[in-house]
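If you read the sequences in order, they're chains A and B.
The C-terminal residue of the first sequence carries number 129 in the numbering used here, and the numbering is unbroken.
The C-terminal residue of the second sequence carries number 663 in the numbering used here, and the numbering is unbroken.
Note that beta-carbon positions come from the ideal geometry of N, C-alpha and C, so glycine has one too.
Please read the structure below before turning to the comments.
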Amino acid sequence: MDKNKLLSEQVQRNSGVDVSKCMRCGKCTATCPNYDLMEYHPHQFVNMVENDKLDVLMKSSSLYLCLNCFACVERCPRGVEPGKLVEAIRLEAVRQKENNHLKPDQIVEKLTEGMPQQAITTAFRKYTK
Amino acid sequence: MQKIGVFVCHCGTNISATVDVKKVAETLGKEPGVVYSTDYQFMCSSSGQNLVIDKIKELGLTGVVICSCSPRMHEKTFRKAADKAGLNSFLLEMANIREQDAWVHKNREEATLKAVALARAAVAKVHLNTPLTPGSSDVNKRALVIGGGIAGMQAALDIADAGFKVDIVEREATIGGTMTQIDKTFPTLDCASCILTPKMVDCEQHENISLVTKSEVDTIEGYVGNFTVKIKHKAKYVDPDKCTGCGLCIQKCPSKKVPDPFNLNLAPHTAINITFPQAVPLVATIDADNCLMIQKGKCGLCATVCPADAINYEDKDSIEEKKYGAIIVSTGFKPISLHNFDEYAYDNSPNVVTSLEYERLMSATGPGKGTVLRPSDGKHPKTIVFQQCVGSRDTSGRGKTYCSGICCMYTAKHAMLTREKYPDTDVYVFYTDVRSPGKGFDEFYRRAVEKYHVHYIKGAIGKVVPMSNGNLQIQASDLLMNEQLHIEADLLVLAAAMEPDKSAKPLAQKLTASMDNDDWFTESHPKLRPVESPTAGVFLAGACQGPKDIPQTVAQAGAAASKAIGLLIKDKLQGNPCVAHSDENMCNGCSQCANVCPYGAITYEEKDFRMPDRTTLVRRVASVNPAVCQGCGACTVVCPSGAMDLFGFSNKQILAEVDALCL
């Protein structure tokens with residue numbers, strides 16, 4: 001499956017948001033307090049997930065300009081909750097970053113009896129935040 | 001010994017394409033009790049019916065099974081045919097091998113097997129069928145209309161014109177309903193009063209119509225054709241027979257700061273008041289909560305000036321009992337409360353109004369006497385913003401899930417009228433979609449855009465901040481331009497969603513009429529019985545059944561009236577004989593059946609039972625009123641002792657069908 005499509009599904013699953021519920025009223029964008037600084041706006045976030053165009057959004061700084069004030073979540077008449085979607089997209093962006101301390105195929109050789117599981121999990125953290 | 005005939009229909013190729021009808025007829029011919037079995041191309045045609053009639057007469061059939069379409073389609077047809085042949089029509093059963101078989105299956109072999117099984121079940125039932133005769137009851141030739149808005153008035157006028165007496169029970173002091181508050185109507189822009197008030201006068205002057213204003217329905221008992229209704233008349237404190245509506249009392253009344261619900265509290269009125277100048281009946285009533293004489297015993301000015309001696313401070317509520325044959329419900333709608341929508345600052349600024357309030361601001365009988373002035377300072381507004389879908393199409397729990405249907409059109413009307421009257425005004429309309437199905441509706445909306453240059457913006461308002469000078473700082477989105485807008489407006493008009501009037505739910509409980517999740521009255525069938533309530537004898541008119549505009553309301557009211565006339569014109573009502581009945585010897589008087597009965601058909605009575613030892617035992621047993629019972633069968637399911645049973649669908653018959661299918 002197309003990488004972008006997978007990403008859209010992943011983001012919806014993680015956030016619990018169903019973008020097909022959006023009726024394109026524009027309430028989220030109307031209510032957004034940080035609108036002016038954004039290149040893409042809340043209603044476009046939803047639209048990009050729906051149309052599998054997340055790669056564009058994930059490269060844009062707009063994703064990090066959301067203040068997580070949840071005004072859009074509070075006001076959306078269809079319960080789409082764009083704010084929650086942003087959270088999930090950011091998580092996806094973090095996950096996609098390279099440079100883990102550990103690669104999955106290295107696990108087997110490191111799994112000795114003395115190795116605590118916690119250490120393995122920790123090793124998956126990113127170099128950079 | 002039973003002699004049953006089985007008739008299998010091809011329904012053209014509807015059935016025969018998927019079901020081997022010859023094989024079904026052949027197999028059924030071998031069933032015990034079946035003496036004749038055949039198939040035919042169109043059983044419902046006159047030659048098909050004649051085949052059934054001939055065979056009943058020729059072979060002396062004691063039961064008939066027709067394997068064809070759904071009984072909803074042709075049960076009546078075939079039962080009539082059976083009647084013609086001299087066979088009690090309830091000895092005929094249908095096996096639905098079209099909708100439940102041929103249309104839903106593809107595999108011919110399996111479909112044929114299913115057709116045989118369904119036909120066998122019907123044969124098993126016919127073995128136990130008994131002849132039934134419908135009972136009859138009288139019809140009271142008087143109709144009750146609950147709610148005197150445009151729907152109730154239209155229904156009453158139509159019934160009255162057909163020659164039947166009608167009472168309109170109206171909660172307010174005047175009939176007319178919500179339409180009295182409206183200034184102009186879309187899409188013709190004719191003045192609402194000019195088309196409404198003549199109808200109000202027609203109602204008042206019609207010899208067959210009685211107006212029962214300031215009154216509410218208290219209790220409803222009985223059943224179709226025989227309703228007994230208690231009507232509560234609220235105290236008016238003015239004798240309507242003496243009052244001439246001269247208005248002297250209103251001029252003199254010192255209690256002038258009473259909130260006026262007719263003007264949606266945008267302007268005050270006096271404690272003694274006539275709702276508006278064209279009110280029908282044109283009589284004054286006193287608002288007791290605000291009358292100095294009634295509250296404090298000091299004043300009495302109105303009684304002094306009244307030339308007709310109509311004032312009576314001692315007036316009391318009273319109850320009247322009346323009998324009706326049919327009831328029309330027309331309780332209408334109201335706009336939802338906007339307290340859940342604090343982003344619009346409705347509670348914080350007087351310059352944020354609902355669309356109905358804007359109607360009053362525009363109306364010649366409103367607080368501005370026809371000049372639009374904003375409520376905070378009486379200034380003429382220069383920038384007016386409209387927001388549609390406020391609480392409509394809202395699945396978040398703050399509003400209503402449905403589309404209110406009329407807001408797009410009345411907002412276009414408001415915008416157009418505003419621009420027409422005040423060309424120097426900037427008008428913005430924020431919309432999600434513009435829905436304009438209806439004769440001349442889309443042309444009307446386009447006229448607002450093209451000729452009146454109303455700024456229609458695809459987007460929504462996100463935040464409203466009231467400023468100290470009364471203006472409103474509005475933050476909104478424009479989705480097509482992909483912009484966030486900041487508009488300083490003088491007035492914001494909110495198209496609040498419609499909801500049923502608050503009197504609807506308690507009334508539905510009194511009527512045992514069903515409602516949907518939003519408290520709209522439900523119709524008996526969404527397409528084929530749109531104006532009948534599932535409760536027999538109760539008809540629905542106007543917005544009590546769902547959001548509607550005026551033309552739809554009037555059309556539906558006329559339809560409801562014609563259904564009521566069809567009922568009232570009958571001298572006797574033939575009932576449905578498939579009703580519940582209780583075996584008194586088995587009934588343990590637990591009341592479970594009465595609790596589940598949606599029609600209020602079951603009552604309990606104390607009855608004497610003669611015991612084997614010649615003593616008498618008084619026991620409480622259920623009794624079913626066959627005229628009220630609709631044969632739903634809920635009671636037979638809950639009855640723990642098996643005393644309740646349904647004629648035509650007895651437990652034995654149903655189980656015989658199940659056995660035939662499963663064994």
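Shortest Cα-Cα distance from A:Q10 to any of A:I89, A:L57, A:L63 involves A:I89.
Counting of Cβ neighbours within 10 angstroms places A:C22 among the buried residues, the total reaching 16 or more. Take the alpha-carbon of B:D138 and the one of B:N226: they are about 7 Å apart. In this structure, the beta-carbon distance from B:A121 to B:A660 falls below 7 Å. DSSP, read as helix, strand or coil, puts B:T185 in strand.
Those residues of the segment 442–466 of chain B placed with their C-beta closer than 8 Å to a C-beta in chain A are K458, G459, A460, I461, G462, K463, ordered along the chain. Non-local C-beta neighbours of B:N625 in its own chain, meaning closer than 6 Å and more than five positions away in sequence, comprise A601, ordered along the chain. Rounded to the nearest whole angstrom, the C-alpha separation of B:T112 and B:A119 is 11 Å.
The beta-carbon separation of B:P598 and B:F647, rounded to 18 Å, does not stay under the 8 Å limit for a contact. Note on geometry: alpha-carbon atoms of B:N140 and B:A288 lie some 37 Å from one another. Among the bridge pairs identified by DSSP, B:I602 is matched with B:V624. At least one beta carbon of chain A lies nearer than 7 Å to the beta carbon of B:S396.
Under the DSSP definition of a beta bridge, B:T228 partners with B:E221, B:K323.
B:T331 and B:E170 have their C-alpha atoms roughly 9 Å apart.
For B:L28, not one C-beta of chain A is nearer than 7 Å to its own C-beta. B:E31 carries a coil assignment under DSSP once its states are collapsed to helix, strand and coil.
Against chain A, a Cβ distance below 9 Å from B:G48 picks out nothing, because the smallest value is about 49 Å.
Chain A has no Cβ within less than 7 Å of the Cβ of B:L338. In this structure, the CA atom of B:V618 is about 20 Å from the CA atom of B:H581.
When B:N50, B:T13, B:Q2 are compared, the shortest CA-CA separation from B:E31 is found for B:Q2.
Listed in chain order, the non-local C-beta contacts of B:V8 below 6 Å within the same chain comprise V21, V24, A25, D39, C67, local neighbours out to five positions each way being set aside. Boundaries of the alpha helix (DSSP H) harbouring B:C407: 407–421, taken from the DSSP string. Here the C-alpha atom of A:A71 lies approximately 29 Å from the C-alpha atom of B:A415. In the three-state reduction of the DSSP assignment, B:V6 falls in the strand class.
Taking a C-beta cut-off of 9 Å against chain B, the contacting residues of the segment 12–32 of chain A are K21, M23, R24, C25, G26, K27, C28, T29, A30, T31, C32, listed in chain order.
Taken through DSSP and simplified to helix, strand or coil, B:F90 comes out as helix. Counting along the chain, B:H455 sits inside the beta strand (DSSP E) bounded by residues 455–458. Per DSSP, the unbroken beta strand (DSSP E) holding B:V493 starts and ends at 491–496. For the pair B:V238 and B:A303, the CB atoms are not nearer than the 7 Å cut-off. Using a Cβ-Cβ distance cut-off of 8 Å, the segment 141–158 of chain B and the segment 558–567 of chain B are in contact, since at least three pairs of beta carbons, one from each stretch, lie closer than that value. For A:G79, the closest Cβ of chain B is nearer than 7 Å.
Counting only the Cα atoms, B:L87 lies some 39 Å from B:C590. At least 7 Å separates the beta-carbon of B:K242 from that of B:K214. The C-alpha of B:A364 is placed about 30 Å away from the C-alpha of B:V145. Taking a Cβ-Cβ threshold of 7 Å, none of the residues of chain B is close to A:C66; the smallest such distance is about 14 Å.
In this structure, the CA atom of A:G26 is about 20 Å from the CA atom of B:L338.
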